[in-house]
Amino acid sequence: MSRPLFLATIRWWLASPIRLGVLAAAALLPVLGSVLSQGRLPSAGGASELALILGAGIIGQSVSTGTLQLVLARPIRRSTFVLTRWLAVGSAALAIFGACTVAAWLLGSASGMETQTPGDVALLLAEAALHAFGAAAVLVALSALVRGYGDIAIWIVGTILALLASEVGQVKDVATLRWAGRQTLEFLRPSVDLRQVLGARPVPLSGLAAWAFTVTLCLAVAIVLLNRKELSYASSGA
Amino acid sequence: MRPAAPESTRRPPVALLAAAAAALATWIGASLWERSHPPVFADLVKWVPSAVAPDSASGGKPILYYFTADWCGPCRVLRQEVFSSEERARYLNEHFVPVIVVDRMREDGRNEPKVDELLRRFSVNAFPTLVVTGGPGTGASPQTGYPGKAKTWTFLMNAEQTFLRAQFKGR
Amino acid sequence: MDGLCKSYRRREARALDGFSIEVRPGEILGLIGPNGAGKTTFLGCLLGFLEPDAGRIEIGGMAPDSLSVRRLVGYLPERLTFDRWMTARAFLRLHHELAEQPGESREEDVAASLMRVQIDSSAWDTGLARFSRGMLQRLGLAQALIGRPRILLLDEPASGVDPAGLLLFRQLFRELHADGVTIVLNSHQLDQIERVCDRVAFIASGRLGQIENLSEGADSSRVVVVRWLADGAPEREQVAALGQTAGAALLEWTPPRAAFSVPDDRSAAALVRALVEGGIAVAEMAPREGRLERFFT
């Protein structure tokens, strides 16, 4: 993990008012919703959205602006670069989600509404962590694949297509289509229903294993893509 | 790809690939195993199966019938939010006789006679349904569906109060 | 330790074709050649950013994309790239830390390096988007030097730099050279190259042409222009005759200047001597063309 790169990523986010605006909306709206709806806490999936907002262009933009070349000329492994970006996105998404959730929880308890127990909150945060680092990994892989903000574009298009596929598959009763749609959606948004996992006997590991597989595969793919990337800084000739 | 020296800035992610392979193997293995050993979602309430449940209140505690089915989605949420909560489960265990009634009409095409009887007695036609009663001849407070954690808990508390008042009056 | 050698081919389009060169440690090597000749590809391979299709590149016996080599190399790209939010100081702090330099001396090192490239302290905390091209080049050089490199790879360092900056760069290169730093630089500015480099490699169509050793004398004929003090008024024939004794042919007569064609250094020295002994007060003798321009004609 590269500390300077981690911090530089955070400052990169802070320098973009658009991103901050969208982030604030995505973080605060669910909190408002939950506060108004009798103390229900926001669902863990919100952390995925935050990770997507933070992760858009996380590698692709560096390639487009050319800053990647200059950083990679330093003694830093490309794998370190990828992992640092992943950690930055995941932890930032989780931190924001966590802060908003805890705030909502405190507000809820203070105003006398019936809220979750600390155990529930802890479980929610754990699920959010899986959401955040999962989505971050998928986006990092896409970002290593295409320049600029193509990563989030692919993710959105992929999600829409998968939704269509699963809906059409449901309506027309085409099992493969429904399955394909569902699997794609789960791949794009890796997560685990921890309550189900921890509450069932025997403990079903398949969900956790699927999450682990998706995340490690995406990170490995991103690293391989970056390793193979030929960086050309040539402008008009020479 | 040329084999890269360990010093290389482009060292291939061998550890990650190995982890991915291991995770994939676990996923496949676990999925296959779970197919033959379907996990049962347990909660913290000490449910008494309907077949052996008493018919009337015992030890000053009303009976809480929980009518459910495996395919019922809101039932899962009810279990997660109310029955899996430590303090709530503890309260239920201490103040009620919790009886679980599982409808298997869809899976088996028929039900156990006791299940059928209970379904008929309380006119249960949707799941989840919660019924609090002191036994035949006493009143019964039902809640159909899952209107949320707060409302459910309120219902349970009110139902308990109703039972206790009836008991008290009865003395 | 810094010796590097390479020979490679690359790609169908043959950006580099059978290139083989050895850079000696501590030397300043210049690369010149027409646009598209492969100079940038060459630097890309040296940095380990581009993989040759065939052949070998070694820096100090190691692959160019290894961590140890990266620690030794400072790189100035043709166009400096940075994130919009950065200030000069933040940019250098980032690279200082990326280059694994000690955190305790970070602030001083950054300030020292900014002063070394003569960027005014009022500009240290302004956004880089406001920097002029010349300032960016200086910052780029500061970035290349921040890791205390032993090898510098500079792509068009003089591009966009004003004369004061060029003087500064030359001074810095002299200092680095004295320190034993190996420098490979790529430039279109022949006169700057000539003043700074030990050797110059001419690259065209991906092939390595001649390597000119600037510390040695020029072996080819060239045109020199002699200027003498205006108080003497020598005759044309006299000057031509003096030139002939040295083996130099008078080409142009524009008093107080005259252009001679000299076949080699020896003849040039003889020419000066002949003119001086002949009573001409020679104030200056300079080549009309840079030594390197003939590569482009």
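Sequence lines, in order, name chains A, B and C. Just so we're aligned: 43 in this note's numbering is position 43 of the first sequence, and the numbers increase by one with no gaps anywhere. Just so we're aligned: 99 in this note's numbering is position 99 of the second sequence, and the numbers increase by one with no gaps anywhere. Just so we're aligned: 109 in this note's numbering is position 109 of the third sequence, and the numbers increase by one with no gaps anywhere. The C-beta atom is built at its ideal place from N, Cα and C for all residues, glycine as well.
* **Beta-carbon proximity list for C/Ala230, same chain, < 7 Å, skipping 5 on both sides** => Pro256
* Note down the Cα distance separating B/His95 from B/Gly139, rounded to an integer number of angstroms. => 17 Å
* **Three-state class that DSSP yields for C/Leu292 in the structure shown** => coil
* As assigned by DSSP and simplified to three states, the class of C/Arg56 -> strand
* **Where A/Pro107 meets chain B, residues with beta-carbon distance less than 7 Å** => Inspection of the sequence shows that residue 107 of chain A is occupied by Leu rather than by Pro. None at all; the shortest Cβ gap to chain B is about 16 Å.
* For B/Glu160, go through chain A and note every residue whose CB falls closer than 7 Å to its CB, in chain order. => Those do not exist, as B/Glu160 stays about 17 Å from chain A at its closest Cβ, beyond 7 Å.
* Along the chain, where does the beta strand (DSSP E) that runs through B/Gln143 open and close? -> 140-144
* Asked: Comparing the C-beta of C/Gly300 with each C-beta of chain B, is any distance below 9 Å?
  -> Past the edges of chain C, shown from 1 to 297, lies residue 300 of chain C, and the structure says nothing about it.
* Measure the beta-carbon distance from A/Ala88 to A/Phe187 and round it to whole angstroms, keeping in mind my assumption that it falls under 8 Å. => That belief does not hold up - the Cβ atoms of A/Ala88 and A/Phe187 are roughly 22 Å apart, past 8 Å.
* Nearest to C/Leu251 by alpha carbon, out of C/Arg236, C/Ile193, C/Gly38? -> C/Arg236
* **A/Arg147 to A/Ala141 span [Cα, whole Å]** => 12 Å
* Asked: Is A/Ala8 near A/Tyr149, with beta carbons less than 9 Å apart?
  -> no
* **Nearest-angstrom Cα separation, counted from A/Leu52 out to A/Leu32** => 21 Å
* Within the 9 Å Cβ cut-off, does B/Ala19 reach chain A? -> yes
* **Distance, C/Val117 Cα to C/Arg170 Cα** => 11 Å
* To do: Assign C/Arg70 to one of three DSSP states: helix, strand, or coil.
  => helix
* Asked: What first and last residue would you give for the alpha helix (DSSP H) that runs through A/Glu167?
  -> 150-171
* For A/Gly237, which residues of its own chain have a beta-carbon under 8 Å away from its beta-carbon, when the five flanking residues on both sides are left out? -> The pLDDT assigned to A/Gly237 is 30, lower than 50, so where the model puts this residue is not dependable; a value taken from the coordinates is nonetheless given after this. Hits under 8 Å: none found.
* Asked: Counting only beta-carbon atoms, is B/Ser31 nearer than 9 Å to chain C?
  -> no
* To do: Give the C-beta separation of C/Leu92 and C/Gln143 to the nearest angstrom, bearing in mind that I take them to be a contact with Cβ-Cβ under 8 Å.
  => 6 Å
* Compute the distance between the beta-carbons of B/Ser85 and A/Thr117, then report whether it is under 9 Å. => yes
* To do: Closer than 7 Å by beta-carbon distance: list the chain B residues that pair up with A/Pro118, in chain order.
  => The premise fails here: A/Pro118 is roughly 11 Å from chain B at the closest Cβ pair, so nothing lies under 7 Å.
* Please decide whether C/Gly55 counts as near chain B, where near means a Cβ-Cβ distance under 9 Å. => no
* Asked: Can you find a CB in chain C that lies within less than 9 Å of the CB of B/Ser8?
  -> yes
* Counted within 10 angstroms of its Cβ, other Cβ atoms place B/Arg2 as buried (16 or more) or exposed -> Because B/Arg2 sits at a pLDDT of 46, beneath the cut-off of 50, its placement in the model cannot be relied upon, and the point is left open.
* Asked: What do you reckon, are the CB atoms on A/Glu127 and A/Leu194 nearer than 9 Å?
  -> yes
* How would you write the range of the beta strand (DSSP E) that B/Phe67 sits in, first residue to last? -> 63-69
* Asked: The alpha helix (DSSP H) spanning A/Arg3 covers which residue range?
  -> 3-14
* To do: Use the C-beta contact count for C/Met1: other C-beta atoms within 10 angstroms, 16 or more gives buried, fewer gives exposed.
  => Here C/Met1 scores only 40 on pLDDT, less than 50, and its place in the model should not be relied on; the value that follows carries that caveat. Per the 10 Å Cβ criterion, exposed.
* Asked: Does the beta carbon of C/Gln137 sit closer than 9 Å to a beta carbon anywhere in chain A?
  -> no
* **Interface flag, A/Thr65 vs chain C, CB-CB below 9 Å** => yes
* **Identity of the residues DSSP links to B/Asn158 by a beta bridge** => DSSP output for B/Asn158 lists no bridge partner at all.
* To do: Check whether the Cβ atoms of C/Ser121 and C/Leu128 lie closer than 9 Å to each other.
  => no
* **Nonlocal neighbours in the same chain, by C-beta distance under 7 Å from A/Val63, ignoring five residues either side** => Arg147
* **Distance between beta carbons of B/Ile63 and B/Gly135, contact taken as under 8 Å** => 7 Å
* **Where the alpha helix (DSSP H) through A/Ala175 begins and ends** => 175-188
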